[in-house]
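*Asks:* Counted from 1, the sequence shown has number 180 at position 180 by full-length UniProt numbering; the numbering is strictly sequential.
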Amino acid sequence: MSTPPYLGLPPGAHRVALSVAAGPLSALEASPPEGVELRGEVLCVPGFTGSKEDFLPLLEPLSRAGVRVLTFDQRGQCDSPALPRNRPYTLQGYGRELRELIEQRAESGVPVHLLAHSFGGYVARQALVEGPRLPLASVTLLGTGPGAVPRPASDRVRFFLGVTRVLNPVLGNRVLLLDRHRDPQVQAFIRHRIRGNDTRSLRAIARWLLTEPDRVDELAAALLRDRLPCTVLCGADETTWSVAEQRAMAVRLDAPFAAIPGGGHSVNVEQPGLLAEALLEFWARCEIGEDQPAV
1 MSTPPYLGLP PGAHRVALSV AAGPLSALEA SPPEGVELRG EVLCVPGFTG SKEDFLPLLE
61 PLSRAGVRVL TFDQRGQCDS PALPRNRPYT LQGYGRELRE LIEQRAESGV PVHLLAHSFG
121 GYVARQALVE GPRLPLASVT LLGTGPGAVP RPASDRVRFF LGVTRVLNPV LGNRVLLLDR
181 HRDPQVQAFI RHRIRGNDTR SLRAIARWLL TEPDRVDELA AALLRDRLPC TVLCGADETT
241 WSVAEQRAMA VRLDAPFAAI PGGGHSVNVE QPGLLAEALL EFWARCEIGE DQPAV
């Protein structure tokens, strides 16, 4: 879970509702200020127990650079409605919703980049491998791995599953001390997000984090097929999937890799300035074709 350091929206940012087949999704959109040319758009996919607010610190630096930012709550996350009780959560379902969003956003003609954090990387991978080429300009995998989370992160996920088997998520997060923050507004938001997350969704994602197979070869084949640039980024102090594991994944994807100083698993809130610089540099290379996969 990424915890935003603040909740205020920068100028040009506002809340929006996105329409997809399964129902609305809650989102934040930040557009470049007046006088700044629109160069592209980035669609940000949050991870396990996360939300659209995970990317709040990126809104201003990216929009100032001419990139429109769209960050959304996935199905059953925070302010996005849950699935009906008779419909199970599946990774394929998450992937289909992401595909639908990408296709919608590309209709404007603006280059669309994908930024997927942690579990969001699973969703991005699913979206890319399960159908024909998506209208994307690039893919960035942030703090995610080739398959299931290794220990000790997997121990925390198992503990979460055990706690939520007997307690609701609100009480479970209080037991785990995950609802605390020195800023009362941020603490109130964390508790709002915990209440908003559908327990069925959380438990399904937790199980996938423990069982997802290594699908890097599938993703590499899709990226090569689609001639789609990809990069892998993480914090230099990453503790979920190790830096070495993510670097090895980048090699298998034939993708550039960078470990961002001073960041752990949530570089998006820990080092947003450095992350924004890395993203803008990668996207600039994509614009001139430097990061096209070799055939």
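Glycine included, each C-beta is placed from N, C-alpha and C at the ideal position.
1. Could you check the C-alpha separation between Leu176 and Gly12 for me, to the nearest Å?
2. Could you name the residues that DSSP lists as bridge partners for Thr231?
3. Could you work out which residue in Leu43, Arg85 and Phe159 is closest to Val69 when comparing CA atoms only?
4. What is the residue span of the alpha helix (DSSP H) that His192 lies within?
5. If distances are taken between C-alpha atoms only, which option among Ser63, Ala65, Cys78 and Asp73 comes closest to Phe189?
6. Under 7 Å: does the beta carbon of Arg203 sit that close to some heavy atom of the ligand COA?
7. By the three-class DSSP mapping on this structure, what secondary structure does Val295 have?
8. How many whole angstroms separate the CB atoms of Val67 and Gly109, which I take to be in contact at a CB cut-off of 8 Å?
9. By Cβ distance below 7 Å, which residues in the same chain neighbour Asp198 in space, the five residues on each side in sequence not counted?
10. Alpha carbon to alpha carbon, what distance is there between Pro256 and Arg87?
11. Run through DSSP, which three-state label would Glu212 get?
12. Quick check: the Cα distance between Gly35 and Ala65, rounded to an integer number of angstroms?
13. In whole angstroms, give me the CA-to-CA distance for Gly262 and Arg156.
14. Determine the burial state of Asp254: buried for a count of at least 16 other Cβ atoms within 10 Å of its Cβ, exposed for fewer.
15. Give the DSSP bridge partners of Leu25, in chain order.
16. Expressed to the nearest angstrom, what Euclidean distance is found between the alpha-carbon atoms of Glu277 and Arg85?
17. Do you know how far the Cα of Glu100 is from the Cα of Gln92?
18. Look at the Cβ atom of Gln246, then the Cβ atom of Ile260, and state whether they are nearer than 8 Å.
19. Suppose only complete runs of 4+ residues qualify. What are the alpha helix (DSSP H) ranges in the stretch 218-277, listed by chain order?
20. Relative to the alpha-carbon of Leu214, which residue among Arg203, Glu97, Ala153 and Gln126 has its alpha-carbon at the smallest distance?
21. What is the DSSP secondary structure of Val123, counted as helix, strand or coil?
22. Buried or exposed, going by whether 16 or more other CB atoms sit within 10 Å of the CB of Ser7?
23. What residue range does the alpha helix (DSSP H) around Glu100 cover?
24. Is it buried or exposed, Ala221, if we count other Cβ atoms within 10 angstroms and call 16 or more buried?
25. State the Cα-Cα distance for the pair Ala124 and Val112, rounded to the nearest angstrom.
26. For Ser51, collect the residues of the same chain with a Cβ closer than 6 Å to its Cβ; drop the 5 residues on either side in sequence, then sort them by chain order.
27. Along the alpha helix (DSSP H) that carries Leu9, what are the first and last residues, could you check?
28. Taking only the alpha-carbon atoms, compute the straight-line gap between Leu275 and Arg165 and give it to the nearest angstrom.
29. In terms of residues, what are the limits of the alpha helix (DSSP H) holding Arg64?
30. With 16 as the cutoff for other CB atoms within 10 Å, does His14 come out buried or exposed?
31. Count the other C-beta atoms from every protein chain shown that fall within 10 angstroms of the C-beta of Thr144, then say buried if there are 16 or more, exposed otherwise.
32. Quick one: measure Cβ to Cβ for Glu97 and Ala22, integer angstroms, because I've assumed they're closer than 8 Å.
*Replies:* Reading off the structure:
1. Locating residue 176 in the sequence shown gives position 176, where the first residue counts as 1. Locating residue 12 in the sequence shown gives position 12, where the first residue counts as 1. Legend: pLDDT at Leu176 = 47, less than 50; position of this residue unreliable, no value from coordinates given.
2. The residue given as residue 231 occupies position 231 in the sequence shown. Answer by DSSP bridge pairing, in chain order: Thr140.
3. Numbered from 1 along the sequence shown, position 69 holds the residue referred to as residue 69. Nearest C-alpha to Val69: Leu43.
4. One-based indexing of the sequence shown puts residue 192 at position 192. Pro184 to Gly196 is the extent of the alpha helix (DSSP H) around His192.
5. In the sequence shown, residue 189 corresponds to position 189, counting from 1. Selected option, being the one with the closest Cα: Cys78.
6. Because no ligand of any kind appears in the structure shown, any question about the ligand COA cannot be addressed here.
7. Numbered from its first residue, the sequence shown carries residue 295 at position 295. Note that Val295 scores 46 on pLDDT, short of 50, meaning its location in the model is unreliable; the coordinates nonetheless yield the value given after this. It is coil, neither helix nor strand.
8. In the sequence shown, residue 67 corresponds to position 67, counting from 1. In the sequence shown, residue 109 corresponds to position 109, counting from 1. No, Val67 and Gly109 are not in contact; Cβ-Cβ is about 15 Å, not under 8 Å.
9. Residue mapping note: residue 198 aligns to position 198 of the sequence shown, counting from 1. Answer for Asp198: Gly76 and Ala82, listed in chain order.
10. Your numbering for residue 87 matches position 87 in the sequence shown. Your numbering for residue 256 matches position 256 in the sequence shown. About 39 Å.
11. Within the sequence shown, the letter at position 212 stands for residue 212. Residue state, collapsed to three classes: coil.
12. Start at 1 with the first residue of the sequence shown, and residue 35 comes out as number 35. Start at 1 with the first residue of the sequence shown, and residue 65 comes out as number 65. Answer to the nearest angstrom: the Cα atoms are 11 Å apart.
13. For this step, residue 262 is matched to residue 262 along the sequence shown. For this step, residue 156 is matched to residue 156 along the sequence shown. Cα-Cα distance, rounded: 23 Å.
14. Residue 254 sits at position 254 when you count from the first residue of the sequence shown. Burial call: exposed.
15. Within the sequence shown, numbered from 1, the residue matching residue 25 stands at position 25. According to DSSP, Leu25 bridges with Leu18.
16. Position 277 of the sequence shown holds residue 277. Position 85 of the sequence shown holds residue 85. About 42 Å.
17. The residue you call residue 92 lines up with position 92 of the sequence shown. The residue you call residue 100 lines up with position 100 of the sequence shown. C-alpha separation (whole angstroms): 12 Å.
18. On the sequence shown, residue 246 is found 246 positions in, with the first residue counted as 1. On the sequence shown, residue 260 is found 260 positions in, with the first residue counted as 1. For Gln246 and Ile260, no; Cβs fall outside 8 Å.
19. 243-253 and 267-270
20. Position 214 of the sequence shown, counting from 1, holds the residue named residue 214. Here residue 214 is Asp; the residue named in the question, Leu, does not match the sequence. Considering only alpha carbons, the answer is Gln126.
21. For the purposes of this step, residue 123 is taken as residue 123 along the sequence shown, with counting starting at 1. If DSSP states are grouped into helix, strand and coil, Val123 belongs with the helices.
22. If you number the sequence shown from 1, residue 7 lands on position 7. Residue identity check: residue 7 is Leu in the sequence provided, not Ser. With fewer than 16 Cβ atoms within 10 Å of its Cβ, Leu7 is classed as exposed.
23. Position 100 of the sequence shown holds residue 100. Segment Leu91 to Ala106, the alpha helix (DSSP H) holding Glu100.
24. What you label residue 221 is simply residue 221 of the sequence shown in a count that begins at 1. So Ala221 ends up on the exposed side.
25. Indexing the sequence shown from 1 puts residue 124 at position 124. Indexing the sequence shown from 1 puts residue 112 at position 112. In a straight line, the C-alpha of Ala124 is about 14 Å away from that of Val112.
26. What you label residue 51 is simply residue 51 of the sequence shown in a count that begins at 1. If we look at Ser51 and ignore the five residues flanking it on each side, its Cβ neighbours are Asp73, Gln77, Cys78 and Arg193.
27. One-based indexing of the sequence shown puts residue 9 at position 9. From DSSP, Leu9 is part of no alpha helix (DSSP H); its letter is neither H nor E.
28. As a first step, residue 275 is located in the sequence shown; it is residue number 275 there, counting from the start. As a first step, residue 165 is located in the sequence shown; it is residue number 165 there, counting from the start. Each residue's Cα considered, the two are about 36 Å apart.
29. What you label residue 64 is simply residue 64 of the sequence shown in a count that begins at 1. First-last of the alpha helix (DSSP H) with Arg64: Leu56 to Arg64.
30. In the sequence shown, the residue the question calls residue 14 occupies position 14. His14 is exposed by the Cβ-count criterion.
31. In the sequence shown, residue 144 corresponds to position 144, counting from 1. Buried is the call here.
32. Residue numbering aside, residue 97 sits at position 97 when the sequence shown is read from its first letter. Residue numbering aside, residue 22 sits at position 22 when the sequence shown is read from its first letter. Yes, Glu97 and Ala22 are in contact; Cβ-Cβ is about 6 Å, under 8 Å.
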